[in-house]
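Per this note's numbering, the sequence shown runs over residues 43 to 288. Note that CB positions come from ideal geometry on N, CA and C, so glycine has one too.
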Amino acid sequence: MRILAQPRLSQHEPCPYLADEMFQQEYFVGTELDRSEFQSYLDQRWRRFGIVFFRPVCPSCRKCRPIRVLARSFLPTKSQKRVLNKNRDTKVIFSPLNFKEEFFRIYEKHSLQKFGQESSREEFIRNFYNPGVPSFQSEYYIDGVPAGFGILDVSSNGLSSVYFCYDPDFSEYSLGSFSVIEEIKQTVSLDLEYYYLGYYIEEAPRMAYKGRFHPHEILVDGVWTPSEMLKKSVGTTQEVNIEQEQ
Numbered sequence: 043m044r045i046l047a048q049p050r051l052s053q054h055e056p057c058p059y060l061a062d063e064m065f066q067q068e069y070f071v072g073t074e075l076d077r078s079e080f081q082s083y084l085d086q087r088w089r090r091f092g093i094v095f096f097r098p099v100c101p102s103c104r105k106c107r108p109i110r111v112l113a114r115s116f117l118p119t120k121s122q123k124r125v126l127n128k129n130r131d132t133k134v135i136f137s138p139l140n141f142k143e144e145f146f147r148i149y150e151k152h153s154l155q156k157f158g159q160e161s162s163r164e165e166f167i168r169n170f171y172n173p174g175v176p177s178f179q180s181e182y183y184i185d186g187v188p189a190g191f192g193i194l195d196v197s198s199n200g201l202s203s204v205y206f207c208y209d210p211d212f213s214e215y216s217l218g219s220f221s222v223i224e225e226i227k228q229t230v231s232l233d234l235e236y237y238y239l240g241y242y243i244e245e246a247p248r249m250a251y252k253g254r255f256h257p258h259e260i261l262v263d264g265v266w267t268p269s270e271m272l273k274k275s276v277g278t279t280q281e282v283n284i285e286q287e288q
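This is the structure in structure tokens:
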């Protein structure tokens, strides 16, 4: 592993997920991580984009928690089975990182329509094709037409989803959910245990979907904890609070 820039803190800014909260992150620049080194960072709440590693250290909020799916035990819900049925003819390919112009066009279109952001080819290549950790890509084709792509990192015990986007013209196929299911299946195919989905905030609509893939664990105070245990803990706390209010 090579550290190119030591950890530092970002400026405070409004949270992009929760209203009335302020966001701050710790970040550093690093490259040449092996799978074991990358795993140790995942277990300490770090994520990466390009060669920048980051984790939230917000002053008054700790709701961003890493989530991972137990891939070998995953069972799709009825809704997820419908997504699979819609994509029964969608072709999925997992391949080494390989820049393709058609995927940049999808990224460009997705960024503009979803977030109102313009993109450059240089930025795209820098963010996705200079990873610093073992990585590969997923490709999705509908009727032979490129419809979406994803970037995945490989740790010692799982796959970590870095990014996924799709052509908005194919919105009816629910490719976001479909990609999660396919990448969970790929995790199992590679004889790995976990599929890392990044940060989870139950109250944030843009992140809430991650909690629909079961069974999953959430990293709390340095311990990967089954979601069922957290719900029981919350339920007990709520009962105590009600009694106190009475």
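Query	Result
Tell me which residues share the same chain as His54 and place their Cβ nearer than 6 Å to its Cβ, disregarding the 5 neighbours each side in the sequence.	Met64, Gln66
Given this structure, state the Cα-to-Cα distance separating Pro118 from Pro138, to the nearest angstrom.	27 Å
Just confirm the distance between the C-beta atoms of Tyr182 and Leu217, as a whole number of angstroms; I'd bet it's less than 8 Å.	6 Å
Check the C-beta distance from Lys252 over to Ile109 and give it rounded, since I have them as a contact under 8 Å.	5 Å
Output yes or no for whether 8 Å exceeds the beta carbon distance between Gly192 and Glu214.	no
Quick check on Lys142: does DSSP put it in helix, strand or coil?	coil
Which two residues bound the contiguous beta strand (DSSP E) that contains Phe70?	67-73
Would Phe59 pass as a contact of Met249 if the rule is Cβ separation under 8 Å?	For the sequence presented, residue 59 should be read as Tyr rather than Phe. Cβ distance < 8 Å, so Tyr59 and Met249 count as in contact.
Is Leu46 buried or exposed, if buried means 16 or more other CB atoms sit within 10 Å of its CB?	exposed
Helix, strand or coil for Ile284 per DSSP?	Because the pLDDT at Ile284 is just 24, under 50, the model does not fix this residue reliably, and the point stays unresolved.
What's the gap between the Cα of Gln179 and the Cα of Lys151?	19 Å
Can you tell me whether DSSP reads Ile109 as helix, strand or coil?	strand
When the Cα atoms are used, what is the spatial distance from Phe95 to Tyr236?	20 Å
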